[in-house]
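Okay, structure first, notes after.
Residue numbers (this note's numbering), protein chains in the order written: chain A, 1 to 371; chain B, 1001 to 1371.
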């Protein structure tokens, strides 16, 4: 694998390998924690009577997607046509591109191919995009959901515009199935409950708008990892991504505990001064996400009270708390990224571990599939 | 190329291609601006009587490295053993790994191979690392520079410890050639001059420490893109990286102008509301670097007064200033990342353009080479 170092290539899968034999940094995924996270979310959605359509932008992995589907997911959510192409090529063909897809140029041809290969669902948030999409697809069977803004203020239309976009989509030959939103303001600490309420009110109002206009409806798709534990009122489908791995943001939001963190970068202490150490992973491994409400640039799985006080491309500076022995040169520390989706998208592969043993290595198959 | 969309694969290099035929997002590099940036820095260092050893972590490209060497660079700087391996395999063999390399485990074997293949220079900032390195290299000819902290407070030793580390390196069979530092506090607006002064004072003091202890000396290596224009007192070698492309941080620090920005993400407007548009590149294309002193999550090459007010993985939210027509659905905008090293490390290739024509596509050969 390009860029992963030759240690990976030398491995024979038949011989159990100790993770200590791999050069750092690498992203290690605890298989037992991962399996438990996947199963728990599937049970939660099943008990709540809603469909689970995990967002694969988090993991970009065929193997992990198959685990989610095996646990009961009805299909996958993806962010780009490029991601959809990669999962479709692996035989995973129930796909929702939860994005206001612009079908101009070459992307129109790619969407027609995908519509041939998949049960394809797309997002739309404007009459303009609906018309371009309808024109590109030339009558092929594609479902769309109208995206609404429920308070995150990114893409998505206001309730007043839902019916017009839905009608434009139907007039363009697309099959409208309902509405979707992303309650991204759930990442604002202390506002998770508000985001859940905004999401429910928005989706139900949008659904009524489609009903009044006699546009296709029925799917109310929302959700995020932080809101998943707060009930599913107003939803028929949940699209969480991060829950499979969790990350430092989820730890600090309180939506997961330390035993539910499945992914961390294994790093080596390369420099020390006083109570500070520097490890050999930085923003090119962990990502640079650092919202103003977190306590640092990630968390250290081995030392929960440590603080990541600085990140540069290949240096993570960690403050070790008083009373904790300062790690020695060459020691390994496992750093949990703030935003796991960003970290995974920087890696060519995930090292799957059980305890100290390397069980498998999974390619990040859709890494960089941004088009 | 995996993840880049099939539009790239369909290209025949013999036929000039218009960049409008490529699906967005992609990283476009203006070849004329790039050539001019590379030439200007080479002239500046030559006139200042110092060596130029560009940091290849910025571009990770064999083609671009060759342009830098052709313009007069004495060799390359890299950040990791993995990057060094990739450039060495391409025949670029004068390499300085400007990092406190920890030579434990498999990395020791990889360093021996590199030392066979290259004129290899390494960083060291502790007696422990010097001993492990010397032991791993088993007497092979490798040069080291002692890293000092000149005020950025990342890795690097204080002046008081320089001689001890240098002596330990020599005792371990390594050839000490001098000292290096990174004046990273030059990225603190208004403190560039201070960083340059700290760097000079630190390197000269460290050099004297080596001289007094009769340890090998002579190389004083420093520098960064923000400090390159402020003179080279106290330096024998400069290691700038970003200058080849420049980025939004350099624009806002005032170290480059708009006509010196060589790289931007070409994006498409996919959603609009009022004076805001959303384009189809986010932090998975641009990186998430957003220091507190910049005006946004990047800058827009086509609309200098626009502001990037939010970045998520596949959405960049842009405020269009009063009086400027709001771009239409499907329009293309070129977004300059805050930190170009992060953006390049997310891409599989760079699209090399002159005007609207695609002249070439260069693999980001050392992308993800973090070990």
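The beta carbon of each residue, even a glycine, is placed where N, CA and C say it ideally should be.
Inset, instruction - Please name the residue in 1294/B, 1020/B and 1278/B whose C-alpha comes closest to that of residue 154/A. - result: As a working note, residue 154/A is residue 154 in the first chain. Looking at the Cα atoms, 1278/B is the closest of the given residues.
Inset, instruction - Output the distance between the C-alpha atoms of residue 367/A and residue 1059/B, rounded to the nearest integer angstrom. - result: To locate residue 367/A, count along the first chain from 1; it is residue 367. To locate residue 1059/B, count along the second chain from 1; it is residue 59. If I take the Cα positions, the gap works out to 19 Å.
Inset, instruction - For the stretch 209-234 of chain A, enumerate the residues whose C-beta is nearer than 7 Å to any C-beta of chain B, in chain order. - result: Against chain B - using a Cβ distance shorter than 7 Å - the stretch 209-234 of chain A contributes no residues.
Legend entry - 3-residue-minimum beta strand (DSSP E) runs that sit fully inside the stretch 1056-1143 of chain B, ordered along the chain: Those beta strand (DSSP E) runs which fall completely within the stretch 1056-1143 of chain B and span 3+ residues are 1076-1078, 1094-1100 and 1119-1124.
Legend entry - Under the three-state DSSP convention, the category residue 284/A falls into: The sequence position of residue 284/A within the first chain is 284, counting from 1. Note: residue 284/A maps to helix in three-state DSSP.
Legend entry - Exposure of residue 355/A, with buried meaning 16 or more beta-carbon neighbours within 10 Å: Numbered from its first residue, the first chain carries residue 355/A at position 355. By the neighbour-count rule (16 or more Cβ atoms within 10 Å), residue 355/A is not buried but exposed.
Legend entry - Positions along the stretch 1059-1072 of chain B whose CB lies within less than 8 Å of some CB in chain A: Those residues of the stretch 1059-1072 of chain B that come within reach of chain A (Cβ to Cβ, closer than 8 Å) do not exist; the list is empty.
Inset, instruction - Give every residue of the same chain whose Cβ lies closer than 7 Å to the Cβ of residue 1370/B, excluding the five residues on either side of it in the sequence, and list them in chain order. - result: Start at 1 with the first residue of the second chain, and residue 1370/B comes out as number 370. Counting only Cβ-Cβ distances below 7 Å, and skipping sequence neighbours, we find 1080 and 1082.
Inset, instruction - Please name the residue or residues paired with residue 1030/B in a DSSP beta bridge. - result: For the purposes of this step, residue 1030/B is taken as residue 30 along the second chain, with counting starting at 1. In the DSSP output, where bridge partners are listed per residue, residue 1030/B has 1353/B.
Inset, instruction - Identify every residue that forms a DSSP beta bridge with residue 1362/B. - result: Along the second chain, read from residue 1 onward, the residue named residue 1362/B stands at position 362. Paired residues: 1350/B.
Inset, instruction - Give a yes or no on whether the minimum CB-CB distance between residue 348/A and chain B is below 7 Å. - result: Here residue 348/A is taken as the residue at index 348 of the first chain, counted from 1. Closer than 7 Å to some Cβ of chain B, the Cβ of residue 348/A qualifies, so yes.
Inset, instruction - Report the neighbours of residue 1240/B on chain A: residues whose CB is nearer than 7 Å to its CB, in chain order. - result: Here residue 1240/B corresponds to residue number 240 of the second chain, with the count starting at 1. Residues of chain A passing the Cβ test: none, with the nearest at roughly 14 Å.
Legend entry - Whole-angstrom distance between residue 90/A and residue 66/A, CA atom to CA atom: Residue numbering aside, residue 66/A sits at position 66 when the first chain is read from its first letter. Residue numbering aside, residue 90/A sits at position 90 when the first chain is read from its first letter. In a straight line, the C-alpha of residue 66/A is about 10 Å away from that of residue 90/A.
Legend entry - Runs of alpha helix (DSSP H) lying entirely within the stretch 144-211 of chain A, each at least 4 residues, in chain order: 159-171
Inset, instruction - Spatial neighbours of residue 275/A within its chain, please: CB distance less than 7 Å, with the 5 preceding and 5 following residues excluded, ordered by chain position. - result: The residue you call residue 275/A lines up with position 275 of the first chain. Correct list, in chain order: 319, 320 and 326.
Legend entry - Assigned exposure category for residue 1111/B - 16 Cβ within 10 Å defines buried: Reading the second chain from its first residue, position 111 is the one you call residue 1111/B. Burial call: buried.
Legend entry - Chain-ordered chain C contacts of residue 319/A [CB-CB under 7 Å]: Here chain C cannot be found, since the structure's protein chains are A and B.
Legend entry - Nonlocal neighbours in the same chain, by C-beta distance under 8 Å from residue 357/A, ignoring five residues either side: Taking the first residue of the first chain as position 1, residue 357/A is located at position 357. Answer for residue 357/A: 16, 17, 18 and 19, listed in chain order.
Legend entry - Proximity to residue 177/A [Cα-Cα], best of 120/A, 228/A and 224/A: Numbered from 1 along the first chain, position 177 holds the residue referred to as residue 177/A. Nearest of 120/A, 228/A and 224/A to residue 177/A, Cα basis: 120/A.
Legend entry - Residue-chain proximity (residue 1337/B, chain A), Cβ-Cβ < 7 Å: The count along the second chain starts at 1 and reaches residue 1337/B at position 337. Output row for residue 1337/B: interface = no.
Legend entry - Members of the stretch 147-167 of chain A near chain B, C-beta cut-off 7 Å: 154 and 155
Inset, instruction - Using three-state DSSP, classify residue 1252/B as helix, strand or coil. - result: As a working mapping, residue 1252/B is identified with position 252 in the second chain. In the structure shown, residue 1252/B sits in a helix (DSSP, three-state: H, G or I).
Inset, instruction - Let me know the alpha helix (DSSP H) ranges lying completely inside the stretch 306-351 of chain A, each 4 residues or longer, listed in chain order. - result: 340-344
Inset, instruction - Can you tell me which of 1163/B, 1166/B, 1096/B and 1159/B puts its alpha carbon nearest to the alpha carbon of residue 1198/B? - result: Along the second chain, one-based indexing puts residue 1198/B at 198. Nearest of 1163/B, 1166/B, 1096/B and 1159/B to residue 1198/B, Cα basis: 1159/B.
Legend entry - Which listed residue (333/A, 308/A, 258/A and 365/A) has its alpha carbon closest to that of residue 34/A: Numbered from 1 along the first chain, position 34 holds the residue referred to as residue 34/A. Closest by alpha carbon: 258/A.
Legend entry - Option nearest residue 125/A by Cα separation, candidates 182/A, 280/A and 287/A: As a first step, residue 125/A must be located in the first chain, where it is residue number 125. That would be 182/A, whose Cα lies nearest to the Cα of residue 125/A.
Inset, instruction - For residue 1171/B, count neighbouring C-beta atoms within 10 Å of its own C-beta (all shown protein chains included) and say buried if the count is 16 or more, exposed if not. - result: Position 171 of the second chain, counting from 1, holds the residue named residue 1171/B. Its Cβ having fewer than 16 others within 10 Å, residue 1171/B is exposed.
Inset, instruction - Alpha carbon to alpha carbon, how far is residue 352/A from residue 360/A? Give it in angstroms, no decimals. - result: Within the first chain, the letter at position 360 stands for residue 360/A. Within the first chain, the letter at position 352 stands for residue 352/A. Taking the straight line joining both Cα atoms gives about 5 Å.
Legend entry - Cα-Cα separation, residue 1209/B to residue 1217/B: The residue you call residue 1209/B lines up with position 209 of the second chain. The residue you call residue 1217/B lines up with position 217 of the second chain. Approximately 9 Å, taken between the alpha carbons.
Legend entry - residue 146/A versus residue 235/A: straight-line alpha-carbon distance, rounded: Mapped onto the first chain, residue 146/A falls at position 146. Mapped onto the first chain, residue 235/A falls at position 235. Taking the straight line joining both Cα atoms gives about 14 Å.
Inset, instruction - Give me the Cβ distance between residue 1282/B and residue 1252/B, rounded to the nearest whole Å; I'm assuming they're in contact under 8 Å. - result: The count along the second chain starts at 1 and reaches residue 1282/B at position 282. The count along the second chain starts at 1 and reaches residue 1252/B at position 252. Actually they do not touch by this definition, with Cβ atoms about 20 Å apart.
Inset, instruction - Below 7 Å between beta carbons is the criterion; list the residues of the stretch 1106-1125 of chain B that meet it against any residue of chain A, in chain order. - result: 1106, 1107, 1110 and 1125
Inset, instruction - Taking only the alpha-carbon atoms, compute the straight-line gap between residue 237/A and residue 43/A and give it to the nearest angstrom. - result: As a position in the first chain, residue 237/A is number 237, starting the count at 1. As a position in the first chain, residue 43/A is number 43, starting the count at 1. Rounded to the nearest angstrom, the two C-alpha atoms are 14 Å apart.
Legend entry - Reduced DSSP secondary structure (H/G/I, E/B, other) of residue 1268/B: Numbered from its first residue, the second chain carries residue 1268/B at position 268. Looking at residue 1268/B - three-state DSSP - the assignment turns out to be strand.
Inset, instruction - Assuming residue 84/A and residue 95/A form a contact by the criterion Cβ under 8 Å, report the distance between their Cβ atoms to the nearest whole angstrom. - result: Walking along the first chain from the start, residue 84/A turns up at place 84. Walking along the first chain from the start, residue 95/A turns up at place 95. Contact flag correct, Cβ pair sits at about 5 Å.
Inset, instruction - Look at residue 262/A and residue 37/A and say whether their C-beta atoms are less than 7 Å apart. - result: Numbered from 1 along the first chain, position 262 holds the residue referred to as residue 262/A. Numbered from 1 along the first chain, position 37 holds the residue referred to as residue 37/A. Cβ atoms of residue 262/A and residue 37/A: closer than 7 Å.
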